Amino acid sequence: MSGLAHDGETIKLGRVLGVAPERLAFLASVDVDTLRVLRERLAGTLLEDARPLLQRAVKGARLLTVGMVASIGERVFGALLCAHMAGIMEPARAVEVSLRMSLPFLADVSAMLEPKRAAAVIAAMPTGTIVAVAKILAERNDHVTLARFVGYLGDATVLAVIAAIPGDEPLMRTAAFLETREISTRMLALVPVERLRSVVRYLEEARVDVAALGLEALRAELDAVLSARAP
Amino acid sequence: MTMPDALDDANTPAEPLATDALARLPPDVRAELAALVAQARPRSMRDTRAAIDQALTHVPGFLRGAVRKLLFPS
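Line by line, the protein sequences give chains Z and X.
Residue numbers for the first sequence, in the numbering used here: 109 to 339.
Residue numbers for the second sequence, in the numbering used here: 114 to 187.
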């Protein structure tokens, strides 16, 4: 199996297991859907192992000020543990804490976060912060993480992020890493027609090998959306 | 009958999708993945404990005892 979607799942599974994606080359023959299910399962297993300890840490953190928790989180816990705790902490408190952390660190946490487990926190984050973090992720070419959040953000926030991230390639890569067809359809419906046309032009002019990258479905969907939205 | 490995987890509720996905894996792929998971699980717990211990040293002295009690209630 090959293609951007497979690469994306391998990167995400590598983050869960704490290994470089190259170490997972033995999964090359496993299809993307199976990889996604396995990754979600294994992320759950690792989190469940640590949950009792993390729950006690969250209780202990209630005795501390928001600023103190943010500082300890960023300086001591690191991105992975903060990502785990985001799904365990009360959402309002998690948002307060995260707003006291630096934006680059929030981008680190985002890369480690299982959005499904912190949906309430993501939904309560201010749009400005989400856009700022998304810009950092785009600068890092972390389209895998950008794509993971699309399904958990409101339309207005997705639109704000799209507007803040210029360029056709980031948009194309993020769309390629979206986890389900439903999310892809929703995102493409939000993208202004001009941006969609620009992405199609990019695919043609840059001679992107659509088949080799597993982008046939995305290309077909782009064409369908453009033809449906033609004046 | 195969021997249980690190992918057979009693700690996480069974999910039919995951059970199917695991059953579809070729035995050599499953073995290699199980080996990585077997390394990742204790490492994850170790890292969590170490981070919490270190975090305690950053808690102001007058609160440290109370926080420690919540973390390690025994």
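C-beta atoms are modelled at their ideal positions from N, C-alpha and C, and glycine is treated no differently.
Being a predicted model, the structure only gives us computed values, none of them experimental.
Residues of the region 153 to 167 of chain Z whose Cβ lies closer than 8 Å to any Cβ of chain X, in chain order: THR153, LEU154, GLU156, ASP157, ALA158, LEU161, LEU162, ARG164, ALA165 and LYS167. The beta carbon of ALA240 of chain Z sits closer than 7 Å to the beta carbons of LEU211 from its chain, once the five residues preceding and following it are set aside; these are given in chain order.
With a threshold of 16 other beta carbon atoms within 10 Å, GLU148 of chain Z meets it and is buried. Taking the Cβ atoms as the reference, GLY111 of chain Z lies roughly 2 Å from GLY322 of chain Z, within the contact range of under 8 Å. Bounds of the alpha helix (DSSP H) holding PRO278 of chain Z are 276 to 285. The criterion of a C-beta distance shorter than 9 Å is satisfied by ARG208 of chain Z and VAL174 of chain Z. When Cβ-Cβ separations below 9 Å define contact, SER187 of chain X makes no contact with chain Z. Shown in chain order are the members of the region 169 to 196 of chain Z whose Cβ falls below 9 Å from a Cβ of chain X: ALA169, ARG170, LEU171, LEU172, MET176, SER179, ILE180, GLY181, ARG183, VAL184, PHE185, GLY186, LEU188, LEU189 and HIS192.
With the rule of 3 Cβ pairs closer than 8 Å, the region 143 to 153 of chain X does not count as touching the region 167 to 187 of chain Z. Restricting attention to alpha helix (DSSP H) runs no shorter than 4 residues, the region 177 to 235 of chain Z encloses them at 186 to 194, 199 to 206, 211 to 220 and 227 to 232, ordered along the chain.
In the three-state scheme derived from DSSP, where H, G and I count as helix and E and B as strand, VAL318 of chain Z is classed as coil. When the five nearest sequence neighbours on each side are left out, the beta carbons in the same chain lying within less than 6 Å of the beta carbon of GLU117 of chain Z are those of VAL140, LEU143 and ARG144, in order along the chain. For PRO140 of chain X, the closest Cβ of chain Z is not nearer than 9 Å.
Assignment of GLY259 of chain Z by DSSP, reduced to helix, strand and coil, places it in the coil class. Residues of the region 232 to 260 of chain Z with a C-beta less than 8 Å from any C-beta of chain X: none at all. Taking a beta-carbon distance threshold of 9 Å, GLY126 of chain Z counts as an interface residue toward chain X. When the beta-carbon positions are compared, VAL124 of chain Z and ALA151 of chain Z come within less than 9 Å of each other. Annotation: the continuous alpha helix (DSSP H) that includes ASP141 of chain X extends over 140 to 171. Boundaries of the alpha helix (DSSP H) around GLU148 of chain Z: 140 to 169.
The alpha-carbon separation between LEU132 of chain Z and ALA187 of chain Z amounts to approximately 22 Å. Among the residues facing chain X, ARG149 of chain Z is included, as its CB has a counterpart in that chain under 9 Å away. No Cβ of chain Z is located within less than 9 Å of the beta carbon of ASP118 of chain X. Here LEU171 of chain Z is not near LEU169 of chain X, since their CB atoms are 9 Å or more apart. Taking each of X:PRO155, X:ALA179 and X:PHE185 in turn and checking the Cα distance to ALA119 of chain X, the smallest one comes out for X:PRO155. By the beta-carbon neighbour count (other beta carbons within 10 angstroms, threshold 16), PHE185 of chain X is exposed. In summary, the residues of the region 153 to 166 of chain X whose CB is separated from some CB of chain Z by less than 8 Å are ALA153, ARG154, ARG156, SER157, MET158, ASP160, THR161, ARG162, ALA164 and ILE165, in the order they occur in the chain. In this structure, GLU198 of chain Z sits away from CYS190 of chain Z, with a CB-CB distance that is not shorter than 9 Å.
By the 16-neighbour rule on beta-carbons within 10 angstroms, ASP166 of chain X is exposed.
If you draw a 10 Å sphere on the C-beta of ASP250 of chain Z, you find 16 or more other C-beta atoms in it, and that means buried. Linking SER157 of chain X to ARG225 of chain Z through their CA atoms gives a straight-line distance of about 18 Å.
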